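Numbering (the numbering used here), first residue to last: 238 to 1132.
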């Protein structure tokens, strides 16, 4: 088994020679390992069948293939059947095609979507096996064959695609047109497709013309553009009102990118047209290639270039010109361009603001203009009267409820016992109450910790059974847009972007959203990554504050920077969702660093259940004390600050003992905003992150937890099987406060966010309709996280008062020590053990330091945290204050 484990690990990182591989496989086949694995294929435990399948895929033989085929046919669980399909495809891709294709007939969506890519990569064997699909009436099988026909050139498949372009089944015609555009773009150049009744088919046909990049194809596109804006159309009509015009413009832009020599032809059409809509559309295209005309300014075609540049700028298309001027070092060329700009400013005064916002002050001075700062957005957050009443009632119950119960219980002693004796009795009973409260909390925590231990072990085995060859297989994992909101992150933004760009993941994009930073965050990004402002149409499915600009550099194709007016973190995430194009998005703080394989581990949870994974999260560790070089952590160490060390213990306990356990119970209600993965279309369906500009017309500072709760609520109400996962082995590193006042503001904000969420979703509390979430998750947060601090602070005061008055006897003192301190330390120790077992991050001396801090945090720090949470409760009753400011020190870098 040890040899097999080493062999599998080696195969994932090194190409072995056939002779070496055959020798190892032969050695492994001689013992009992292979027969044991074949027997494990029939195990009742899912993980045993998955592990056996994975390991047997590295030991190909006829007997192995026969065993896998028999197990594959008998398997009923989709997640296991998919892994067997992958193994069969790896051992013998040609021979497995017919078996895999037959398994799709009655398959569910989850299984179908993952096995289909295996068949699409099979080439000729799939074509031979799929002949029977040509007459199939199953839309899924039709789409599968259509997609294959777009990859495999064959006459009968081409004819099949042509027959399906006019199909009335939703999605079939579009899929057929897409496949035709991939292999046979010339077939779509006819009027039948360019004027097709289906707008999507027409869009694809228009786009296919761009592949021709010839004068004749460009002429066709220009004529189509004229048809979109006949002379009878009002001149006030916006070009964006015509989707076809946007599609035509995109096709011409792609054509010019491939064949710059066609730019003059577009310029001629621009000069010859009097229609304002056509001129505006063509101005967009010329703006993308404006540098072509900048070069001509210094030659014999100067006058022609001058007219084109002036006309383009007069149409308000200035982004590329501004970007060029800010980079240009040729003074003669700069003066020529500015001459064009002066004339354009007289034609369109609206250009002035864009120049003043984005153009270098030195160049602005030549235009006699002053720089213009963006106006600071003032967000007025309304006070919720119903929430204030709700919190007031809870506060009265928490503060006066226990004294009221005491008075009712001991009303017979009133007037007969001295006030001092009554007070002593009251303090004693309060201490017993504190014992029962703390004991109950610690007991629940220990139970959840037990589930966390089981869940972490299960996740570890599941991850070990997922080789990289599986994770990087097309269709196995979803595509991901990483969205990093940034507000005043000048100190850490470059290291963070470098880190995110270097993650290991098969299909991702990175979108950094600058949320109106008042520092040099945006300038740092533009300078380091040499970004240019681009014109890009954004489908604003979620309402957000205005986007000022989008920046890109073709040298970093996965990176996109969005600059927007300040609206808060939730608003920035919504803006990033609008810009994103992938299946899932990952919200991550811009001051955080991901480990290179963390995204793989978080997304890999989608392979463990056929239920829809709507969200997933990972662990958060403090990066204070670590050394960072070019976005990668080169040395892990404990923070030097005692305050940060206390938080390290807190984070380990919260994630390892809390969230993993709640995830195992399918009751997880919070995924950290520093690192969370969400399904994009589901988030859009529920209205995105909670903001004042959005569907619900309100803001919250607890946007991460609120979104998870709303997703849970929506999925349960819709009756959709779903999972919200937590990856115990996926780690993200973030900077934590090292200043008491900053930490106080953070905890105040967390408590306000929790209270806001519980009030907004109070319908879920103790509601059996929402199953474990309504009966376990929400009540736990309500009792122990919202009301708990109010009880704890009073209890601490009563303990002090009891000690001062001498009413605490040995029994009470030992019970308090056991429930408040000893159990708490035990939970922290077990959490630390789980962390070190999984990651082994800290040196032996550092582990000892963490144990020490796990003990001493109970004598001051935890009590202070409770007082801060009570402060947050009262803050929630006052006027909303938003996020508040957190200063950043930045990462410690190597020298």
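Note that the Cβ used here is the ideal one computed from N, Cα and C, for glycine as well.
Note that the structure is predicted; figures quoted are calculated from it, not measured.
For residue 823, the enclosing beta strand (DSSP E) covers residues 821-825. One Cα belongs to residue 365, the other to residue 243, and the distance between them is close to 38 angstroms. Residue 857 places its beta carbon 9 angstroms or farther from that of residue 833. Counting along the chain, residue 912 sits inside the beta strand (DSSP E) bounded by residues 912-916. Contact between the stretch 1026-1041 and the stretch 1088-1105 is present: 3 or more CB-CB pairs across the two stretches fall below 8 angstroms. Per DSSP, the continuous alpha helix (DSSP H) segment holding residue 1067 begins and ends at 1060-1075.
For residue 284, the enclosing alpha helix (DSSP H) begins and ends at 283-293. For residue 853, the enclosing beta strand (DSSP E) has its first and last residue at 849-859. Fewer than three Cβ pairs drawn from the stretch 327-340 and the stretch 717-737 lie within less than 8 angstroms of each other, which leaves the two stretches out of contact. Burial is judged here by how many other beta carbons sit within 10 angstroms of a residue's own beta carbon; residue 732 has at least 16 and is buried. Residue 853 and residue 292 have their alpha carbons spaced roughly 27 angstroms apart. In this structure, residue 384 sits near residue 416, with a CB-CB distance shorter than 9 angstroms. The three-state reading of DSSP puts residue 724 in coil, since its state is none of H, G, I, E or B. Proximity to residue 692 across 494, 905, 671, 400 peaks at 905, based on C-alpha coordinates. Exclusion of the five residues before and after residue 594 leaves 609 as the residues of its chain whose Cβ lies within less than 6 angstroms of its Cβ. Using a C-beta cut-off of 8 angstroms, the stretch 440-451 makes contact with the stretch 481-496, since at least three inter-stretch Cβ pairs fall below that distance. Rounded to the nearest whole angstrom, the CA to CA distance from residue 458 to residue 748 is 32 angstroms. Around the CB of residue 515, 16 or more other CB atoms lie within 10 Å, so the residue is classed as buried. Going by beta carbons, residue 768 and residue 730 fall outside the 9 angstroms limit.
In the three-state scheme derived from DSSP, where H, G and I count as helix and E and B as strand, residue 872 is classed as strand. Taking C-beta atoms as the reference points, residue 808 and residue 785 fail to come closer than 9 angstroms.
About 17 angstroms separates the Cβ atoms of residue 362 and residue 711, ruling out a contact at the 8 angstroms cut-off.
The beta carbons of residue 946 and residue 867 sit no closer together than 9 angstroms. For residue 255 and residue 248, the gap between their C-alpha atoms comes out near 12 angstroms. DSSP, reduced to helix, strand and coil, places residue 972 outside both helices and strands of the structure shown, so it counts as coil.
Between residue 704 and residue 261, the CB-CB gap reaches or exceeds 9 angstroms. In the structure shown, residue 278 adopts coil according to DSSP, grouped into three states.
By the neighbour-count definition (other C-beta atoms within 10 Å, threshold 16), residue 964 is a buried residue. Residue state for residue 718 is assigned as strand, using DSSP reduced to three classes. Residue 545 sits close to residue 523, with the two beta carbons spaced by under 9 angstroms. Apart from the 5 residues on each side of it in sequence, residue 892 sits with its Cβ closer than 6 angstroms to the Cβ of 856 in its chain, given in chain order. Residue 700 and residue 288 have their alpha carbons spaced roughly 10 angstroms apart. Looking only at 662, 657, 634, 1070, the smallest Cα-Cα distance to residue 647 is reached by 662. When rounded, the separation of the alpha-carbon atoms in residue 374 and residue 406 is 10 angstroms. Minimum Cα-Cα distance from residue 346 among the listed residues 322, 435, 360, 377 corresponds to 377.
Scanning 888, 1020, 924 for the CA closest to the CA of residue 974 turns up 888.
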